[in-house]
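Remarks on the structure that follows.
Residue numbers (this note's numbering): 1463 to 1777.
Right, here's the structure in full:
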């Protein structure tokens, strides 16, 4: 899970980036202490330039007040074995990656050790509603938070929300002659994993909603890698997934319009590791402390359009 406060394609700041970064650092530091494992790795992201024009665009962007804290004005001229970079690199500040696979494994162990995890598929049909909140089978609770990603479409309480989903495919490659200790970003990102292994991605597909890797995605990634690398590489693993994206590029956070003990935390798109801690805190504060959500993330913004249709379709 990479984190980067700038959308480099459009040279725009990620929504409330500074706030997200502060909360993100606090959260991952706390969970690293709790689980005695390091998950958050600070690593520079270097944008490879292909022309003088791209350099000029970078410097123009770095002069903008909202982007100045995140874009270095110093060109990085270091040469990395395996990559030709005649026009140098620009450095994005306050970047890195979270080892989400390790985080999930360690947190799952913690939950199991404390009898806090049921390893079964959740079935919304078993939810019963009472004055105190909800009951699911033999579990009573005041609230349920659904954080299902693209699985939202199977949720009978929130499936009216406009979660699009954008498929992405990635590689793990082995490239012994690629010497890289930073993240390189061009038409794809290249993230060093150690032992000559690198994660490379990702594609964007707005039609296919499966997790299955495809030949089309493979060919696209191979072509992009060959545009960047000047060395041989071997595909070790090819995998895919569907990002929980929303048309207005804002998360889906909030409470069900009728069942006030049901809540949703979704729509974090391509920046889940960065947005997640702040969005979870906002939802917690709403539920426990009655602090209103920012209107830009509250699912109420879709109620007028989508609930009207939903209610009119009822028998």
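By construction, the Cβ of each residue, glycine as well, lies at the ideal position given by its N, Cα and C atoms.
- Message: In whole angstroms, give me the CA-to-CA distance for residue 1506 and residue 1560.
- Response: Rounded to the nearest whole angstrom, the CA to CA distance from residue 1506 to residue 1560 is 13 Å.
- Using DSSP with H/G/I as helix, E/B as strand and the rest coil, what is residue 1680? In the structure shown, residue 1680 sits in a helix (DSSP, three-state: H, G or I).
- Message: On a Cα-Cα basis, can you pick out the residue from 1464, 1470, 1727 that is closest to residue 1520?
- Response: Of the residues 1464, 1470, 1727, the one whose Cα lies closest to the Cα of residue 1520 is 1470.
- Task: Find out if the Cβ-Cβ distance for the pair residue 1646, residue 1540 is shorter than 8 Å.
- Result: Judged by beta-carbon spacing, residue 1540 lies beyond the 8 Å limit of residue 1646, meaning their Cβ atoms are not closer than that value.
- Task: Give the range of the alpha helix (DSSP H) segment to which residue 1751 is assigned.
- Result: Per DSSP, residue 1751 belongs to the alpha helix (DSSP H) from 1734-1751.
- Message: Tell me the rounded alpha-carbon separation between residue 1752 and residue 1742.
- Response: Looking at the backbone, the Cα of residue 1752 and that of residue 1742 are separated by about 14 Å.
- Message: Checking the sheet assignment: what are the DSSP bridge partners for residue 1553?
- Response: Answer is 1508.
- Query: What whole-angstrom Cβ distance do residue 1508 and residue 1644 have, given they're in contact under 8 Å?
  - Reply: Rounded to whole angstroms, the Cβ separation of residue 1508 and residue 1644 is 5 Å, and the two are in contact under 8 Å.
- Can you give the Cα-Cα distance for residue 1563 and residue 1740, rounded to whole angstroms? Each residue's Cα considered, the two are about 20 Å apart.
- What do you reckon, are the CB atoms on residue 1698 and residue 1634 nearer than 8 Å? Yes, the pair counts as a contact, with Cβ atoms nearer than the cut-off.
- Message: With a threshold of 7 Å on Cβ separation, who are the neighbours of residue 1463 within its own chain once the five nearest residues in sequence on each side are excluded?
- Response: Shown here for residue 1463: same chain residues with a beta carbon closer than 7 Å to its own, the five before and five after excluded, namely 1559, 1560, 1562, 1734, 1735 in chain order.
- Message: Let's see if you can read the secondary structure: which residues bound the beta strand (DSSP E) around residue 1598?
- Response: Unbroken beta strand (DSSP E) run through residue 1598: 1595-1598.
- Length at least 3, wholly inside the stretch 1572-1646: the beta strand (DSSP E) runs in chain order: Listed in chain order, the beta strand (DSSP E) elements of length 3 or more contained wholly in the stretch 1572-1646 are 1589-1592, 1595-1598, 1601-1603, 1606-1608, 1628-1636.
- Query: Between residue 1420 and residue 1706, which are expected to be in contact by the criterion C-beta below 8 Å, what is the C-beta distance as a whole number of angstroms?
  - Reply: The requested residue 1420 does not occur in the structure, where the chain is confined to residues 1463 to 1777.
- What's the C-alpha gap between residue 1679 and residue 1665? A direct Cα-Cα distance of roughly 7 Å separates residue 1679 from residue 1665.
- Assign residue 1482 to one of two classes, buried (16 or more other C-beta atoms within 10 Å of its C-beta) or exposed (fewer than that). By the neighbour-count rule (16 or more Cβ atoms within 10 Å), residue 1482 is buried.
- Are the CB atoms of residue 1673 and residue 1702 nearer to each other than 8 Å? Yes; because the gap between Cβ atoms is below 8 Å, this pair is in contact.
- Message: For residue 1654, list the residues DSSP reports as bridge partners.
- Response: Within the DSSP bridge table, the entry for residue 1654 names 1660 as partners.
- Item | Exposure label - residue 1501; buried when at least 16 CB within 10 Å | By the neighbour-count criterion, in which a residue is buried when 16 or more other Cβ atoms sit within 10 angstroms of its Cβ, residue 1501 is buried.
- Message: How far does the beta strand (DSSP E) with residue 1715 in it extend, from its first residue to its last?
- Response: For residue 1715, the enclosing beta strand (DSSP E) begins and ends at 1714-1717.
- Item | Start and end residues, alpha helix (DSSP H) containing residue 1720 | No alpha helix (DSSP H) contains residue 1720, which DSSP labels as neither H nor E.
- Message: Using 8 Å as the cut-off, can you tell me whether the stretch 1709-1728 makes contact with the stretch 1596-1606, which would need three or more C-beta pairs spanning the two stretches below that distance?
- Response: Under the three-pair Cβ rule at 8 Å, the stretch 1709-1728 counts as touching the stretch 1596-1606.
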